[in-house]
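Each position in the sequence shown, counted from 1, maps to that position plus 175 in my numbering. For reference, the structure is listed below as structure tokens.
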Amino acid sequence: MRLAHLADVHLGHALMNLKAREEAVMKTFKRLMARVRECSVDAVLIAGDLFDHARPKTEALDLAVRELSRLREDGVEILAVSGNHEVRRRAGAISPLRVLERAGLLRHLYYSPGERTHEHRLEADGTTACVHGLQYLPKRDFIRESPRIRRTFRPDPEADVNLALMHLALPDTIPTESEVIEETYLPEGYDYYALGHVHTPRLERTLHDRPACYPGSPEPITFTEASEDRRGFYLLEAHPDGEVEHEFIEIEWSRGLTTVRVSGDGWRERLEREVRRARRRTRYGGPVVKVVAVDVGASPDEIERIAERAGAERCLIDVREREEGDAPEGEDRPEDLTEDRILERALRRARRARLRDSDVDDDLVLQLMRRMLRAVREGERLDPGDLIREFKRELLEEDEGEKDGKDDVEGPEEDEEDPTEEGPERERPSEPEGDRRDRRPGPRPARPGGQSSLDQFL
Ligand SMILES: [Mn+2]
């Protein structure tokens with residue numbers, strides 16, 4: 176039996192609100208699906224985050240319906256679990272996967288205590304495979320439910336092959352340890368763990384001594400993720416003796432995201448050269464270029480003009496006085512206002528303050544945060560609340576994206592309460608990126624009385 180295992184497509188995602196980026200994500204998905212069809216698979220496993228949002232854009236839904244229909248017409252079975260971007264955010268809301276299931280396009284697998292909604296059996300080529308699907312759960316809920324999950328997720332002894340389809344981060348896959356689910360909480364006995372959540376392509380681990388693989392995002396959705404060129408999905412060959420072979424199938428992606436670093440003498444020429452090279456490399460959706468300019472003595476506007484003249488479709492300019500981790504010692508700063516503390520609070524606050532949902536890129540958030548940090552370094556004694564309000568204003572001005580109907584959404588409260596913070600808040604799941612180093616999650620004190628109902632994540 177042949178299966179394709181894919182994950183983290185994020186249909187509808189538009190980096191920096193760029194139509195070109197939204198289209199690149201869609202186009203790469205089309206290419207991926209074309210390649211899946213060529214592989215003549217019996218079934219497709221989607222390990223979460225097919226959509227970027229629990230209420231996907233119509234264009235994203237339309238594409239998913241078209242592509243999945245084509246597979247269904249070929250008799251291919253499609254099984255999917257919800258990722259953190261698809262889980263319900265309020266009572267009565269439904270996962271977009273459930274809509275596709277009602278349309279007969281896929282089988283939506285999820286864990287619901289006491290029910291058998293998590294399992295589905297496949298048969299092809301004289302092989303029986305049982306697939307068990309577990310949607311994304313916040314770590315707190317996962318650990319609380321773990322004993323029941325481990326009892327519920329038992330391999331089917333009558334199936335030749337047992338596959339687990341899950342959306343979660345294993346240890347050593349992302350830098351944010353606070354999100355990681357350790358092996359001891361996870362179900363045992365499966366022949367292959369088809370995972371989603373970590374966007375790094377072709378990330379292979381073992382779980383209970385069996386292969387546990389992340390295909391990663393077919394099209395990178397941030398600059399950081401774009402550093403890896405080999406993207407695609409896994410082709411699985413399940414044998415009657417329980418062996419599951421996995422092979423990573425590469426597809427072409429847009430190559431529309433590039434980071435260029437310049438510093439020192441001759442930076443203008445180097446910038447032009449690198450942007451022209453990025454332009455040649457780009458197949459579609461760009462080139463969108465992030466310029467990290469260290470100590471060049473030029474304004475962001477000037478840097479942007481040079482990059483755009485050389486062919487960048489859009490730029491994100493990050494001007495630094497020195498490389499990160501290079502800060503000179505002995506600078507005056509208020510002792511209760513360390514840089515780490517400000518960065519932690521600002522990024523956390525941004526995640527909760529609807530900014531993430533307006534598709535503002537983290538790189539832009541960090542750029543603004545660095546600018547504020549400079550003000551602090553220069554000795555201005557600013558209240559973090561003021562800093563954050565200023566930064567939020569700037570971001571919201573910068574982002575003219577659609578916001579209709581988003582105000583009434585209430586997310587499960589994930590973060591600790593901070594009495595100095597007010598205003599509408601909602602949680603946006605953080606995006607794990609295997610190679611991201613500039614995030615330092617702060618300690619997470621227990622939140623008094625907070626319980627998010629598991630029901631929200633079905
Ligand atoms: Mn994802």
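Even for Gly, the Cβ is constructed at its ideal location relative to N, Cα and C.
Quick check: residue i and residue j, are their CB atoms within less than 8 Å of each other?
| i | j | result |
| --- | --- | --- |
| Y409 | H180 | yes |
| E446 | K465 | According to the sequence as given, residue 446 is Leu; it is not Glu. Against a cut-off of 8 Å, the Cβ pair of K465 and L446 comes out as no contact. |
| R291 | L254 | no |
| G223 | E252 | no |
| L382 | E358 | yes |
| G308 | V256 | yes |
| E294 | V306 | yes |
| P386 | G407 | no |
| D335 | P415 | yes |
| L186 | M201 | yes |
| R206 | E403 | no |
| A182 | Y311 | no |
| R497 | V469 | yes |
| D249 | R296 | no |
| P330 | G364 | yes |
Look at the alpha carbon of residue i and the alpha carbon of residue j, and state the distance between them as a whole number of angstroms.
| i | j | result |
| --- | --- | --- |
| D227 | R454 | 27 Å |
| V463 | D237 | 26 Å |
| K581 | L225 | Unreliable placement is indicated for K581, whose pLDDT of 30 sits below 50; no coordinate value is reported for it. |
| R489 | R323 | 49 Å |
| L190 | A299 | 40 Å |
| A218 | D316 | 30 Å |
| V184 | A239 | 10 Å |
| P288 | F328 | 11 Å |
| P271 | I318 | 26 Å |
| H188 | E444 | 33 Å |
| L193 | R325 | 42 Å |
| E333 | G417 | 11 Å |
| T203 | I221 | 16 Å |
| M176 | N259 | 29 Å |
| H421 | S215 | 15 Å |
| R452 | Y368 | 39 Å |
| S474 | D493 | 10 Å |
Pull up the CB-CB distance for residue i and residue j, whole angstroms please, since I reckon it's below 8 Å.
| i | j | result |
| --- | --- | --- |
| L411 | L243 | With 8 Å as the limit, L411 and L243 do not qualify as a contact, their Cβ atoms being about 19 Å apart. |
| V471 | V437 | 6 Å |
| A268 | A229 | 7 Å |
| V355 | P346 | 5 Å |
| G460 | R196 | 6 Å |
| T348 | R380 | 7 Å |
| A413 | A304 | 5 Å |
| I478 | R210 | Going by Cβ atoms, the distance from I478 to R210 rounds to 38 Å, so no, they are not a contact pair. |
DSSP three-state label for residue i, please.
| i | result |
| --- | --- |
| V219 | strand |
| E201 | A quick correction: the sequence has Met, not Glu, at residue 201. In this structure, M201 counts as helix in the three-state DSSP scheme. |
| A413 | strand |
| A401 | helix |
| P386 | strand |
| E597 | Confidence at E597 is low in this model, with a pLDDT of 31, below 50, so its placement is unreliable and the value that follows should be read with caution. Residue state, collapsed to three classes: coil. |
| S270 | coil |
| R265 | coil |
| A344 | coil |
| I492 | strand |
| L190 | helix |
| F226 | strand |
| K314 | helix |
| L370 | strand |
| R448 | helix |
| R177 | strand |
| A299 | strand |
| S353 | helix |
| I396 | coil |
| V240 | helix |
| L338 | strand |
| T381 | strand |
| G586 | Legend: pLDDT at G586 = 31, less than 50; position of this residue unreliable, value from coordinates given subsequently. Here G586 sits in coil by DSSP. |
| R458 | coil |
| E252 | strand |
Looking at C-beta atoms only, is the number of pairs between the segment 365-383 and the segment 336-350 that lie closer than 8 Å three or more?
-> yes
Are at least three pairs of beta-carbons, each pair with one atom in the segment 393-404 and one in the segment 422-437, less than 8 Å apart?
-> yes
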